[in-house]
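Just so we're aligned, residue 1 is where the sequence shown starts under UniProt numbering, counting upward by one.
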Amino acid sequence: MLTERLSQNRFGTCRFRSRFNRALILQVAVWMIAVLLAPTCNHILAQEITVSPTSEHSSDEVPSASEDAIPGLSNVEDDSWLNSDDNIPYYALLHKAAETSPSVLQAEANTFLKARKEESKLPTFIDMIRNPAAFRGQPVSLSGHILQVIDFPAEENEFGIDRLYEAALFTDDSLSHPTTVVFLDKPENLTLGSQLVEDVSVNGYFLKTYWYNSNDDHTRKAPLILAKTISVRERAPSAATESWSTMIAISVLAAIGVLSLIVFRSQLKDQHRLRSAQRNRIDNETITFPDQDSTTL
């Protein structure tokens, strides 16, 4: 009976190990496929957003329902440079973003993006690139990190806007390709220049996919979002940082304590050595008295 139970246990253990090994192999295979496909997906998207300035704008796009509310929005063409025809809807959407309550804009963006995802089954960035007409004038909410912030004077407009800011926003689904965000108000915790800024979010309106000259000497296209401002979340010190700071402080105090002890012991040794030398000198010193016979009276 004991032999039989041992055999059953060994058999059960083998089956468990076999299932575990298969599961581990499957997980490793899925991970390797994802790693191998990531550069391919990025290359495909890079080809998709790399355009030729001589290519013609497709005319089979259906205007979005919001174009009636914004003057000139129906004349906007995707996959093209920004031009004078874009000025009226450009500044009208900026004004609308400034006048709309942030909470209302956020709620409208969430509702619209949820409906788009159910319809297109695409990540938001890819959906904006492939179906810009469906986003025209619609509210969107994006988050990620930015690498560059600039400011520039505004064109003449009827809303009194005199200065604008622009940021290159990278989202998780954009595969290192930027979305351009133009906004009116720069938050205090955001500085101009080329630096990495994490935890950035924006609620604004989509205008078009436009052409821009990239740093690698290619003409690429990017979604253009118009917003009142962008938000940069302040990062609280992490527990790891606080723990590390505490450890450094304790180490410094301990080092000071050890150094003080070494100095104190050294002083004690010096004092002990000095006293010993004095005693030895006294013990070895010969006291002489003058000879009485030679004393002169």
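Even for Gly, the Cβ is constructed at its ideal location relative to N, Cα and C. It should be emphasised that the depicted structure is a prediction, and the values quoted were computed from it without experimental measurement.
At the level of alpha carbons, what is the spacing between residue i and residue j?
i	j	result
residue 58	residue 87	With a pLDDT of 47 at residue 58, under the threshold of 50, the modelled position of that residue is not reliable, and no figure is offered here.
residue 191	residue 165	11 Å
residue 10	residue 120	Its pLDDT being 44, under 50, residue 10 is placed unreliably by the model, and nothing is read from it.
residue 250	residue 259	14 Å
residue 252	residue 246	10 Å
residue 267	residue 256	16 Å
residue 172	residue 261	55 Å
residue 63	residue 100	Unreliable placement is indicated for residue 63, whose pLDDT of 48 sits below 50; the coordinate value is still reported in the next sentence. Roughly 23 Å between the two C-alpha positions.
residue 175	residue 118	21 Å
residue 199	residue 187	13 Å
residue 197	residue 233	10 Å
residue 35	residue 130	In this prediction, residue 35 has a pLDDT of 49, which is less than 50 and means its spatial position is unreliable; what the coordinates show is noted afterwards. Approximately 24 Å, taken between the alpha carbons.
residue 69	residue 155	22 Å
residue 215	residue 78	21 Å
residue 104	residue 150	28 Å
residue 265	residue 275	15 Å
residue 248	residue 254	10 Å
Could you name the residues of the same chain whose beta carbon sits closer than 6 Å to that of residue i, not counting the 5 residues immediately before and after it, in chain order?
i	result
residue 159	91, 95
residue 61	Unreliable positioning characterises residue 61 in this predicted model, as indicated by a pLDDT of 49, which lies under 50. A coordinate reading is not provided.
residue 65	Annotation note: pLDDT 45 at residue 65 (below 50); position unreliable, no value reported.
residue 157	91
residue 201	143, 231
residue 50	218, 220
residue 85	75
residue 125	171, 173, 174
Whose C-alpha, out of the options, is nearest the C-alpha of residue i?
i	options	result
residue 224	120, 269, 271, 170	170
residue 235	189, 194, 122	189
residue 139	126, 131, 108	108
residue 152	93, 260, 162, 231	162
residue 71	49, 264, 78, 89	89
residue 226	49, 74, 168	168
residue 73	93, 254, 275	93
Go through its chain and collect everything with a Cβ distance to residue i's Cβ below 7 Å, but skip five positions before and after it.
i	result
residue 106	141, 203
residue 228	97, 98, 183, 184, 185
residue 280	none
residue 213	219
residue 194	147, 148
residue 263	none
residue 127	116, 120
residue 3	Bear in mind that the predicted position of residue 3 carries a pLDDT of just 43, short of 50, making it unreliable; the figure below should be weighed with that in mind. Around residue 3: no qualifying Cβ.
residue 145	170, 196, 197, 198, 200
residue 81	210, 211
residue 123	173
Counting only the same chain and skipping the five closest in sequence on each side, list residues whose C-beta sits under 8 Å from that of residue i.
i	result
residue 102	203, 228
residue 222	49, 177, 178, 179, 180, 209, 210, 212
If we define contact as Cβ-Cβ less than 8 Å, is residue i a contact residue for chain D?
i	result
residue 82	No chain D appears in this structure, which consists of one protein chain only.
Let me know the alpha helix (DSSP H) ranges lying completely inside the segment 87 to 111, each 4 residues or longer, listed in chain order. If we require 4 residues or more, the alpha helix (DSSP H) runs fully inside the segment 87 to 111 come out as 87 to 99.
- Three or more C-beta pairs below 8 Å linking the segment 198 to 213 and the segment 126 to 145: Yes, the segment 198 to 213 is in contact with the segment 126 to 145.
- Query: Between the segment 100 to 117 and the segment 171 to 183, do three or more beta carbon pairs fall short of 8 Å?
  - Reply: No, the segment 100 to 117 does not touch the segment 171 to 183.
Let me know the beta strand (DSSP E) ranges lying completely inside the segment 191 to 226, each 3 residues or longer, listed in chain order.
Within the segment 191 to 226, the runs of beta strand (DSSP E) at least 3 residues long that lie entirely inside it are, in chain order, 197 to 213.
Note to self: Threshold first: 3 residues or longer. Then list the beta strand (DSSP E) segments lying entirely within the segment 163 to 195, N to C.
What the structure shows: Within the segment 163 to 195, the complete beta strand (DSSP E) runs of at least 3 residues are 163 to 170, 179 to 185.
Enumerated in chain order, which unbroken segments of the beta strand (DSSP E) with a length of 3 residues or greater are wholly contained in the segment 108 to 157?
The DSSP assignment places complete beta strand (DSSP E) segments of no fewer than 3 residues inside the segment 108 to 157 at 139 to 153, in order along the chain.
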